[in-house]
Structure formats: structure tokens, C-alpha cells
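Undergrad: Numbering (the numbering used here), first residue to last: 21 to 412.
Note that beta-carbon positions come from the ideal geometry of N, C-alpha and C, so glycine has one too.
Owing to the predicted nature of the structure, the values given are computational and were not obtained by experimental measurement.
(1) Using DSSP bridges, identify the partner residues of residue 222.
(2) Could you tell me the distance, in whole angstroms, from the CA atom of residue 191 to the CA atom of residue 80?
(3) Give the DSSP-derived three-state secondary structure of residue 232 in the structure shown.
(4) Give the single residue among 172, 50 and 209 whose Cα lies nearest to the Cα of residue 182.
(5) Drop a sphere of 10 angstroms on the beta-carbon of residue 401, count the other beta-carbons inside from all chains shown, and report buried for 16 or more, exposed for fewer.
(6) Since I believe residue 179 is in contact with residue 195 (beta carbons under 8 angstroms), could you give me their beta-carbon distance rounded to a whole number of angstroms?
(7) Counting C-beta neighbours from all protein chains within 10 Å, is the total for residue 307 16 or more, i.e. buried, or is it exposed?
(8) Rounded C-beta distance between residue 94 and residue 326? I'm assuming under 8 angstroms.
(9) Which stretch, first to last residue, makes up the alpha helix (DSSP H) that contains residue 194?
(10) Taking the beta carbon of residue 263 as the centre, do at least 16 other beta carbons fall within 10 Å, making it buried, or is it exposed?
(11) Excluding sequence positions up to five away, which residues of its chain have a Cβ less than 7 angstroms from the Cβ of residue 299?
(12) Relative to the C-alpha of residue 332, which residue among 91, 281 and 29 is closest?
(13) Comparing C-alpha positions only, which one of 271, 51 and 244 sits nearest to residue 220?
(14) If I'm right that residue 313 touches residue 98 with Cβ under 8 angstroms, what's the distance once you round it to whole angstroms?
(15) On the DSSP bridge assignment, give the partners of residue 142 in chain order.
(16) Considering residue 347, what are the terminal residues of the alpha helix (DSSP H) in which it resides?
(17) Could you tell me whether the Cβ atoms of residue 76 and residue 43 are closer together than 8 angstroms?
(18) Could you give the first and the last residue of the continuous alpha helix (DSSP H) run that contains residue 281?
(19) Who are the near neighbours of residue 281 in its chain, counting only those whose CB is closer than 7 angstroms to its CB and skipping five residues on each side?
(20) Compute the Euclidean distance between the alpha carbons of residue 297 and residue 341, then round it to the nearest angstrom.
(21) What's the call for residue 30, buried or exposed, on a 16-neighbour Cβ count within 10 Å?
(22) Taking 8 angstroms as the cut-off, decide whether the C-beta atoms of residue 73 and residue 302 are in contact.
(23) If you follow the beta strand (DSSP E) that residue 177 is in, where does it begin and where does it stop?
(24) To which residues of the same chain is residue 146 closer than 7 angstroms at the C-beta, ignoring the five residues directly before and after it?
(25) Going straight from the alpha carbon of residue 115 to that of residue 394, what length do you get?
(26) Roughly how many angstroms lie between the CA atoms of residue 70 and residue 272, to the nearest whole one?
Written as C-alpha cells, this is what we have:
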């Protein structure tokens, strides 16, 4: 790569990182804070929370990078134009490939990085994050619920304990179960414990109050009672796989016996084509940025700022890609729009750059005309003066 191309690559990369890191930090912080309940609800350590925060990061990088590409390229080229660097490059007779080549190499590299993250890294970290959250909630009663704290375990189920002893023993149990709309149950027990499998809460020396819809209450005392936790622990201890958690090979050849695939085949189809198309967006956005800001322009030329134009188009294309992916879950015809969004926009940008190149004379020819035209003009004026002198 030539010295000038290295200079352009360095400027674009610096501006790309300047745009990427702050935006990525802001979005990452909002996503992490939205999951702060992992610590508050399950009593996990700060180390577990930091691990979860790290697992979230690869899921947002592919969303931010295409816009950082637009900002990095457009801002760099606009600054070079304002400093007359593009005009100097053009006047020196350099080919446009001097500007285009380093930017395209950079955009292709970002697109390949996006492809690897979305198809290799992202599914693995999503599965790890889901399993981590499921494990944190799996043994909620015996290890997590704080003493003398009324805690909602799930919708309609509330638990309070007075004291936690060694050996998974719980003192002063109170359980309110409103999950069944037909009746409500309230349990009191002096002592209890979660069995080793975590599927039952064994309560001793207590009573259960059963309230019917009509308002009648029946009270039953018991020496020992087993409260079933199997549904709760099974659902909390097992991470449910979604289409975004699957790797590319599964999406290409789904297991027909997979329950989630049987329930949502359209989502798996949309996720597959989303993986195959969205990695092209950085390259498409780079071509659009080149078409808008890649030429030397006069400072007196009235036009919308290139950054505004490029970002507006990028946001519209990003929205169109999301819209097509969502609609493709129920209508396969939108898959065409998913592929057309990056490919057609990139082709239009290339066509615009070709038209701009054809509409302008090559720099050596322009310099030759600049030198010849004054001489030709003087020659024509001299001939005209000679004719006038001859006629007089």
C-alpha cells in the first residue's frame, strides 16, 4: 500500500475508533444496567455480574460498527476536503483508486469481522449468558432468598423466611401461592428445607390456608408437607434456546425434532437470512460514504453536510433491514428485501461514483487544457486584431 493510502487508512481508522468506542460504551452500559436484577434478585457476586456484562458486549458490536464506519469514512474525507487535501490529490493526477482502495479494504475487513462475530462468537456468548442466568435462579429458595425479606419468586408466588441454617434448613417459612386463579394457598411452617434435587420444599409443623373464590377459607394443619418446585426449578435451571442462540450450521440444517424450531420455523428462516445479509452493511455504508464525500468539492458549493446525508441514508437502510427481517418471520417474500437492502444500495453507490468519474475530465487533461486555453485565446484575439487592422 502506498504512503498516501496508508495515510488515508490511518485517518479513517482513528475516526472509526473515535466514533465506535463512546457509542459502544453508552449502549453497553444501558444493556448491562437493564440486567442489574441478576444481582438484586439472586444475590450473585460482582464477579458474576462482570462476566455477564462481558458476554453482552459481542451482541451489540455488530449493531454499532456499520454506523461507526459511516462516521469514520465521511468525517475523514470531509476533513481532507476542507483542508484541500482531496483537491491536491486530484490536481497531482492521482487516480481515484488512491482514495477508494484503502477505504474498501477497511470496509471489507469490518464486514468480515462482523460476519465472524454474528455467526461464531455471538451464538456462543448468548447461550453462555442464558445458561448463567438460568443457573443463578435455579436454586432460588435455598441459597438466594434473604432472611426476613418478602420476595416474589415468580408471578403469583411469594416466599419469606425468618432464618437460614446450615444444611439447607429454613426457619419460619411463609409461602403465598396465587398462581391458580381458582383458589389461593397460604402456607405457614416452623421449619423446612429444600431437598437435594431442588424439586420440592419440605415443610414441617405448619398449616395451609385454602381460600375458595366464594370467600370460604379452609385450614389444614400438617406435620410434614412437600411443596412441589419441579416446574419452577426446571424452567429456571434450563436455558431456552432461541433462533439467535443457534449457530450458522444449525440454521442451515435445523433439527426437525427441535421443539422451538417446530413452534417458530419462520423465526429460524428469518434469522438465517439475517446472518447472511447484515454483515454486508458495513461495506454498503462505506460505498455510500465514498459516493457522498469521496470527491473534492468547493467550499462555496451549497450542499447538505456529507455526514448528515450519509448517516440519514444509513439509518434508513438499517431500519429497512430490521423491518424486512421482522416481516420475513411471517412472510418469506421479505427475504428478497433483506438481500436487496445492502446489495442494491451498494450498487447504486458504485453507479454514482462511476458517473461522477465519467463527468469529470482526467487531471492531466485538465491541466493541459488549462495551459493551452490561454494561449489559444490570445492567438484568436491577435488574429481578430489583425483582421480589423487590415480592413481599416
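TA: In this structure, then:
(1) As a position in the chain shown, residue 222 is number 202, starting the count at 1. Residue 222 pairs with 213 and 246.
(2) Start at 1 with the first residue of the chain shown, and residue 191 comes out as number 171. Start at 1 with the first residue of the chain shown, and residue 80 comes out as number 60. Taking the straight line from one Cα to the other gives about 44 angstroms.
(3) For the purposes of this step, residue 232 is identified with residue 212 of the chain shown, where counting begins at 1. In the three-state scheme derived from DSSP, where H, G and I count as helix and E and B as strand, residue 232 is classed as coil.
(4) Here the question's residue 182 lines up with position 162 in the chain shown. Closest by alpha carbon: 209.
(5) As a first step, residue 401 must be located in the chain shown, where it is residue number 381. Its Cβ having fewer than 16 others within 10 Å, residue 401 is exposed.
(6) In the chain shown, the residue the question calls residue 195 occupies position 175. In the chain shown, the residue the question calls residue 179 occupies position 159. Confirmed, Cβ separation roughly 5 angstroms.
(7) On the chain shown, position 287 is the one that residue 307 refers to. Classified as buried, residue 307 has 16 or more neighbouring CB atoms from the shown chains inside 10 Å of its CB.
(8) To locate residue 94, count along the chain shown from 1; it is residue 74. To locate residue 326, count along the chain shown from 1; it is residue 306. Indeed they touch by this definition, with Cβ atoms about 5 angstroms apart.
(9) For the purposes of this step, residue 194 is taken as the residue at position 174 of the chain shown. It is not in any alpha helix (DSSP H) - residue 194 instead sits in the beta strand (DSSP E) that spans 189 to 197.
(10) Taking the chain shown and counting its residues from 1, one reaches residue 263 at position 243. Per the 10 Å Cβ criterion, buried.
(11) Numbered from 1 along the chain shown, position 279 holds the residue referred to as residue 299. Excluding sequence neighbours, residue 299 sits near 131, 134, 135 and 138.
(12) Reading the chain shown from its first residue, position 312 is the one you call residue 332. The residue among 91, 281 and 29 with its C-alpha nearest the C-alpha of residue 332 is 91.
(13) Counted from its first residue, the chain shown places residue 220 at position 200. Cα-wise, what sits closest to residue 220 is 244.
(14) Here residue 313 corresponds to residue number 293 of the chain shown, with the count starting at 1. Here residue 98 corresponds to residue number 78 of the chain shown, with the count starting at 1. 5 angstroms between Cβ atoms; contact.
(15) Numbered from its first residue, the chain shown carries residue 142 at position 122. Answer by DSSP bridge pairing: none, since residue 142 is not bridged.
(16) Taking the first residue of the chain shown as 1, we reach residue 347 at position 327. Where residue 347 is concerned, the enclosing alpha helix (DSSP H) stretches over 326 to 348.
(17) Here residue 76 corresponds to residue number 56 of the chain shown, with the count starting at 1. Here residue 43 corresponds to residue number 23 of the chain shown, with the count starting at 1. The Cβ atoms of residue 76 and residue 43 do not sit closer than 8 angstroms to each other.
(18) As a working note, residue 281 is residue 261 in the chain shown. Run containing residue 281: 279 to 283, per the alpha helix (DSSP H) assignment.
(19) The residue labelled residue 281 in the question sits at position 261 within the chain shown. Setting aside the 5 residues that flank it on each side, residue 281 is surrounded in the same chain by 274, 275 and 288, each with a C-beta closer than 7 angstroms to its C-beta; the list follows chain order.
(20) The sequence position of residue 297 within the chain shown is 277, counting from 1. The sequence position of residue 341 within the chain shown is 321, counting from 1. Whole-angstrom Cα-Cα distance: 9 angstroms.
(21) Position 10 of the chain shown, counted from the start, is the residue given in the question as residue 30. So residue 30 ends up on the exposed side.
(22) Translated into positions along the chain shown, residue 73 becomes position 53. Translated into positions along the chain shown, residue 302 becomes position 282. Cβ atoms of residue 73 and residue 302: not closer than 8 angstroms.
(23) Looking up residue 177 in the chain shown gives position 157. Counting along the chain, the unbroken beta strand (DSSP E) around residue 177 starts and ends at 177 to 180.
(24) Stepping through the chain shown from its first residue, residue 146 is reached at position 126. Excluding sequence neighbours, residue 146 sits near 79, 264 and 265.
(25) For the purposes of this step, residue 115 is taken as the residue at position 95 of the chain shown. For the purposes of this step, residue 394 is taken as the residue at position 374 of the chain shown. Rounded to whole angstroms, the separation of the alpha carbons of residue 394 and residue 115 is 26 angstroms.
(26) What you label residue 70 is simply residue 50 of the chain shown in a count that begins at 1. What you label residue 272 is simply residue 252 of the chain shown in a count that begins at 1. Those two C-alpha atoms are separated by around 33 angstroms.
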